Amino acid sequence: MKNIRNFCIIAHIDHGKSTLADRLLDFTQTVTEREKQDQLLDNMDLERERGITIKSHAIQMEYVYKGETYILNLIDTPGHVDFSYEVSRSIAACEGALLIVDAAQSIQAQTISNLYLALENDLEIIPVLNKIDLPSANPEEVKDDIVDLLGCSPDDIIPASGKTGLGVEAILEAIIERIPAPTGDPKAPLQALIFDSVYNSFRGVETYFRVMNGEIRKGQKIKFMSNGKIYDADEVGTLKLNQVPKQVIGTGDVGYLITGIKDAREVKVGDTITSAVDGCKEAIDGFENVKPMVFAGIYPVDTEDYEELRASMEKLQLNDASLVFTPESSAALGFGFRCGFLGMLHLEIVQERLEREFGMTVITTVPNVSYHAYTKKEPEKAIIVNNPSDLPDPSKLDRVEEPYIKASIITKSDFIGQVMSLCIEKRGQITNQHYLTPERVELNFDMPLAEIVFDFYDRLKTVSKGYASFDYSPIGMRASNLVKVDILINSQSVDALSALIHADNAYNIGKKMCEKLRELIPRQQFDIPIQAAIGAKIISRETIKALRKDVTAKCYGGDISRKRKLLEKQKVGKKRMRQVGNVEIPQSAFMAVLKLND
Numbered sequence: 001m002k003n004i005r006n007f008c009i010i011a012h013i014d015h016g017k018s019t020l021a022d023r024l025l026d027f028t029q030t031v032t033e034r035e036k037q038d039q040l041l042d043n044m045d046l047e048r049e050r051g052i053t054i055k056s057h058a059i060q061m062e063y064v065y066k067g068e069t070y071i072l073n074l075i076d077t078p079g080h081v082d083f084s085y086e087v088s089r090s091i092a093a094c095e096g097a098l099l100i101v102d103a104a105q106s107i108q109a110q111t112i113s114n115l116y117l118a119l120e121n122d123l124e125i126i127p128v129l130n131k132i133d134l135p136s137a138n139p140e141e142v143k144d145d146i147v148d149l150l151g152c153s154p155d156d157i158i159p160a161s162g163k164t165g166l167g168v169e170a171i172l173e174a175i176i177e178r179i180p181a182p183t184g185d186p187k188a189p190l191q192a193l194i195f196d197s198v199y200n201s202f203r204g205v206e207t208y209f210r211v212m213n214g215e216i217r218k219g220q221k222i223k224f225m226s227n228g229k230i231y232d233a234d235e236v237g238t239l240k241l242n243q244v245p246k247q248v249i250g251t252g253d254v255g256y257l258i259t260g261i262k263d264a265r266e267v268k269v270g271d272t273i274t275s276a277v278d279g280c281k282e283a284i285d286g287f288e289n290v291k292p293m294v295f296a297g298i299y300p301v302d303t304e305d306y307e308e309l310r311a312s313m314e315k316l317q318l319n320d321a322s323l324v325f326t327p328e329s330s331a332a333l334g335f336g337f338r339c340g341f342l343g344m345l346h347l348e349i350v351q352e353r354l355e356r357e358f359g360m361t362v363i364t365t366v367p368n369v370s371y372h373a374y375t376k377k378e379p380e381k382a383i384i385v386n387n388p389s390d391l392p393d394p395s396k397l398d399r400v401e402e403p404y405i406k407a408s409i410i411t412k413s414d415f416i417g418q419v420m421s422l423c424i425e426k427r428g429q430i431t432n433q434h435y436l437t438p439e440r441v442e443l444n445f446d447m448p449l450a451e452i453v454f455d456f457y458d459r460l461k462t463v464s465k466g467y468a469s470f471d472y473s474p475i476g477m478r479a480s481n482l483v484k485v486d487i488l489i490n491s492q493s494v495d496a497l498s499a500l501i502h503a504d505n506a507y508n509i510g511k512k513m514c515e516k517l518r519e520l521i522p523r524q525q526f527d528i529p530i531q532a533a534i535g536a537k538i539i540s541r542e543t544i545k546a547l548r549k550d551v552t553a554k555c556y557g558g559d560i561s562r563k564r565k566l567l568e569k570q571k572v573g574k575k576r577m578r579q580v581g582n583v584e585i586p587q588s589a590f591m592a593v594l595k596l597n598d
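Residue numbers (UniProt numbering): 1 to 598.
Written as structure tokens, this is what we have:
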């Protein structure tokens, strides 16, 4: 055990985490020349294109230092705020962390939030100043920022470059010297933490774990503590670039387990594995079921593809257990699914993977969050509202509560005014303002989650000219004055466009929605009214004018009554047409509701 080191890498998006991981793998000769490729641990096309880590990975390296061979387990973490629960479990499986800071961009919001997570778990932090070879790098200033943040000495900070490989040897030495070896009792009953799982279509779910106490043997009967189910450990081993089967994985080590489970939902990140006979009494702290934060409807473009979409979603869920979906039907869009996502990035990724991996073209409705409604009859019992149509009748409603978040925004001091006015417009309340340096400031707000779901992140980048970074964590539910705004097209309510909106903003948003839809819905042979309504009260109306044929063109002069007769005849025809006319709503209309401020 004394020669094992478990560590993770924490960094903001695009600070060079995956590239530096590549250099560590090169230096320890974990990968051969033939296997080498950029961002080796990001094996999804989407991850490479966007330059982000979506799924966390683990890999084992061996390094000889002062004549002794050390085993280094790198547990990679996703960088985006949506996947913060996965990050917390990866951190719980480690004793140390490399804190990577870009020498050109300095410390960002994500870095700070993940750093606090690491400090809560008593991890040894090794600060690394990356990208120092860039012409725009500002190493001295950023070094001072890191010293202020961590309270370490400037000599502890390792200057490095993922591109050139500078400082990689110093990082490996620091991992061995500074990070403590794992602690645990090899004689105690088995207790292992699951920090990730992947689905293999041939062998079922592969579970990645870290042994805290005891050991896990091939062929042993093991139990998952969250659901009490018992399985056989068909194969255990360690994670090099390819899996290496072993007979036993001891205390402090990281490995994979194959039990032949076919349902990914049975393997939960953060769960505890123990022995089926004489197992440990207590689970490892911190386990929770992943809670979706954002909900949206996903419908097939053609209703006949419903079963195919269901099959695609189930296959996708095997790879991404945090995707939650239930069937629902909509009067406007037919049969589809109500899906729960961790955040807007997760929603985009799921939509893109459905299109790429399964060839499914889908319509996504307006994303919203989960509310709690209380009726006058039962003011203590919460009704969970994931879809605006689930909201009880306003006459029976006592109150509605919505989820709030604590938002942390780091920006240049020049943009404080614009960032504040954006957050206040989104119903945020400032709780703290802290200058990290004379140039950079951290602002904390309490905000409703529903307000950041739409276009908040894009607008924040716009008002700060790309210099603001944003991170959030949920802080619970608060009562709020919310109303349901329905959109009626040709007097028919389109449930996919209805939304729960704060009463103060309802009129403006209803008006903007009507104006936007008027531009996007194609003209028909008859007038189409578009209305926004709260209950029975219409708050806004726009009309799409009919395409008209000039029926009076053949009347040259003559009596006005001839023209009038032709126009009256046309009017009657238009009226009848409108009664039976159906209005096709294009996909762009559903997506446009998200971009009301453009």
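All C-beta atoms in this analysis are idealised placements derived from N, C-alpha and C, irrespective of residue type, glycine included. Please read all numbers here as calculations on a predicted model, not as lab measurements.
Is it buried or exposed for Ile560, if we count other Cβ within 10 angstroms and need 16 for buried? Taking the sequence shown and counting its residues from 1, the one referred to as residue 560 is at position 560. Result: exposed.
Same chain, Cβ closer than 8 Å to Asn3, neighbours up to 5 away in sequence not counted: Taking the sequence shown and counting its residues from 1, the one referred to as residue 3 is at position 3. Excluding positions up to five away in sequence, the list reads Glu68, Thr69, Tyr70, Ile71 and Ala181.
Phe27, DSSP secondary structure in three states: Counted from its first residue, the sequence shown places residue 27 at position 27. Helix.
In the stretch 133 to 174, which residue ranges form an unbroken beta strand (DSSP E) of at least 3 residues, counting only runs that do not cross its ends? none
The ligand COA and Val494: does the residue's C-beta get closer than 7 Å to at least one heavy atom of that ligand? Judged by which ligands are present, the structure shown has none, so any question about the ligand COA falls away.
Which word fits Met212, buried or exposed, when buried means at least 16 other C-beta atoms lie within 10 angstroms of its C-beta? Here the question's residue 212 lines up with position 212 in the sequence shown. By the neighbour-count rule (16 or more Cβ atoms within 10 Å), Met212 is buried.
Nearest to Lys516 by alpha carbon, out of Thr543, Leu500 and His502? Position 516 of the sequence shown, counted from the start, is the residue given in the question as residue 516. Here the closest residue by C-alpha is Thr543.
Hey, how far is the Cα of Gly16 from the Cα of Thr437? For the purposes of this step, residue 16 is taken as the residue at position 16 of the sequence shown. For the purposes of this step, residue 437 is taken as the residue at position 437 of the sequence shown. Gly16 and Thr437: Cα-Cα distance of roughly 23 Å.
Rounded to a whole number of angstroms, what is the C-alpha to C-alpha distance between Ile258 and Leu354? What you label residue 258 is simply residue 258 of the sequence shown in a count that begins at 1. What you label residue 354 is simply residue 354 of the sequence shown in a count that begins at 1. Between Ile258 and Leu354, the C-alpha separation is close to 27 Å.
Please classify residue 601 as buried or exposed, where buried requires at least 16 other C-beta atoms within 10 Å of its C-beta. Residue 601 is absent from the model: the chain starts at 1 and stops at 598.
Look up Val453 in the DSSP assignment and say whether it is helix, strand or coil. The count along the sequence shown starts at 1 and reaches residue 453 at position 453. Three-state result, Val453: helix.
Cutoff 8 Å; reference Ile9; Cβ partners in own chain excluding five residues on either side: The residue you call residue 9 lines up with position 9 of the sequence shown. Excluding positions up to five away in sequence, the list reads Lys17, Leu20, Ala21, Leu74, Asp76, Thr77, Ala97, Leu98 and Ile100.
Could you tell me the boundaries of the beta strand (DSSP E) in which Arg541 lies? The residue given as residue 541 occupies position 541 in the sequence shown. Looking at the DSSP string, the run of the beta strand (DSSP E) that includes Arg541 is Lys537 to Ile544.
Taking Thr164 as the reference, give the member of Lys143, Gln492, Ile132 and Asp185 with the closest Cα. The sequence position of residue 164 within the sequence shown is 164, counting from 1. Here the closest residue by C-alpha is Ile132.
Can you list, in chain order, the stretches of the beta strand (DSSP E) that have 3 or more residues and sit fully within the stretch 271 to 316? If one requires a minimum length of 3 residues, the beta strand (DSSP E) runs lying completely within the stretch 271 to 316 are 272 to 275 and 294 to 300, in chain order.
Give the DSSP bridge partners of Asn200, in chain order. As a position in the sequence shown, residue 200 is number 200, starting the count at 1. Checking the DSSP bridge columns, you'll see Asn200 partnered with Gly204.
Sorted by chain position, which residues of the same chain lie with C-beta nearer than 8 Å to Cys423's C-beta, five sequence neighbours on each side aside? Here residue 423 refers to the residue found at position 423 when the sequence shown is read from its first residue. These residues qualify, in order along the chain: Ala407, Ile409, Ile430, Leu443, Phe445 and Met447.
Who are the Cβ neighbours of Ala589 in its own chain at under 7 Å, not counting the five residues just before and after it? Position 589 of the sequence shown, counting from 1, holds the residue named residue 589. Residues of the same chain with a CB within less than 7 Å of the CB of Ala589, apart from the 5 flanking positions on each side, are Leu517, Leu520 and Ile521 in chain order.
For the stretch 520 to 538 against the stretch 480 to 493, are there 3 or more C-beta pairs whose distance is under 8 Å? Yes, they touch.
For the beta strand (DSSP E) holding His12, just list the boundary residues, first then last. As a first step, residue 12 is located in the sequence shown; it is residue number 12 there, counting from the start. Careful: His12 lies outside any beta strand (DSSP E) and carries neither H nor E.
Bounding residues of the beta strand (DSSP E) (the contiguous stretch that carries Leu123): If you number the sequence shown from 1, residue 123 lands on position 123. From DSSP, Leu123 is part of no beta strand (DSSP E); its letter is neither H nor E.
My output table needs one value for Gln418: the three-state DSSP class, helix, strand or coil. Here residue 418 corresponds to residue number 418 of the sequence shown, with the count starting at 1. Helix, per DSSP.
Tell me which same chain residues have a C-beta within less than 6 Å of the C-beta of Val324, skipping the five on either side of it? The residue given as residue 324 occupies position 324 in the sequence shown. Cβ within range, chain order: Pro292 and Gly340.
For Ser197, I'd like the list of residues in its chain whose CB is within less than 8 Å of its CB, leaving aside the five on either flank, ordered along the chain. Within the sequence shown, numbered from 1, the residue matching residue 197 stands at position 197. Within the same chain, Ser197 has close Cβ partners Val205, Glu206, Thr207, Tyr208, Ala264, Val267, Val269 and Ala321.
Tell me which residues share the same chain as Ala188 and place their Cβ nearer than 6 Å to its Cβ, disregarding the 5 neighbours each side in the sequence. The count along the sequence shown starts at 1 and reaches residue 188 at position 188. The residues are Asn213 and Gly214.
Please classify Cys94 as buried or exposed, where buried requires at least 16 neighbouring CB atoms within 10 angstroms. Residue numbering aside, residue 94 sits at position 94 when the sequence shown is read from its first letter. It is buried - the Cβ of Cys94 has at least 16 other Cβ atoms within 10 Å.
Does the separation of the CB atoms of Ile194 and Ser275 fall below 8 Å? On the sequence shown, residue 194 is found 194 positions in, with the first residue counted as 1. On the sequence shown, residue 275 is found 275 positions in, with the first residue counted as 1. Taking 8 Å as the Cβ cut-off, Ile194 and Ser275 do not qualify as a contacting pair.
I need the straight-line Cα distance from Phe337 to Ile363, nearest angstrom please. Translated into positions along the sequence shown, residue 337 becomes position 337. Translated into positions along the sequence shown, residue 363 becomes position 363. Each residue's alpha carbon lies about 11 Å from the other.
Measure the Cβ-Cβ separation of Lys218 and Gln60 and say whether it is below 8 Å. In the sequence shown, counting from the first residue as 1, residue 218 sits at position 218. In the sequence shown, counting from the first residue as 1, residue 60 sits at position 60. One thing to note: Lys218 has its Cβ no nearer than 8 Å to the Cβ of Gln60.
Rounded straight-line distance, which links the Cα of Lys571 to that of Phe526: For this step, residue 526 is matched to residue 526 along the sequence shown. For this step, residue 571 is matched to residue 571 along the sequence shown. Phe526 and Lys571: Cα-Cα distance of roughly 10 Å.
DSSP on Gly557, reduced to helix/strand/coil? Here residue 557 refers to the residue found at position 557 when the sequence shown is read from its first residue. Three-state result, Gly557: coil.
Grab me the residues of Ser88's own chain with a C-beta within less than 6 Å of its C-beta, minus the 5 sequence neighbours each way, in chain order. In the sequence shown, the residue the question calls residue 88 occupies position 88. Result list for Ser88: Leu117, in chain order.
With distances taken from CA atoms, which of Ala103, Cys152, Ser153 and Ile179 is nearest Asp122? Along the sequence shown, one-based indexing puts residue 122 at 122. Among Ala103, Cys152, Ser153 and Ile179, the Cα nearest to that of Asp122 belongs to Ile179.
C-alpha distance - Tyr563 paired with Gly557, whole-angstrom precision: Against the sequence shown, residue 563 aligns to sequence position 563. Against the sequence shown, residue 557 aligns to sequence position 557. Just to set this straight, residue 563 is Lys in the shown sequence, not Tyr. In a straight line, the C-alpha of Lys563 is about 9 Å away from that of Gly557.
Do Phe415 and His463 count as a contact pair if the criterion is CB distance below 8 Å? To locate residue 463, count along the sequence shown from 1; it is residue 463. To locate residue 415, count along the sequence shown from 1; it is residue 415. Residue identity check: residue 463 is Val in the sequence provided, not His. A contact, by the Cβ cut-off of 8 Å.
Alpha carbon of Lys565 to alpha carbon of Ala546, nearest angstrom: In the sequence shown, counting from the first residue as 1, residue 565 sits at position 565. In the sequence shown, counting from the first residue as 1, residue 546 sits at position 546. About 19 Å.
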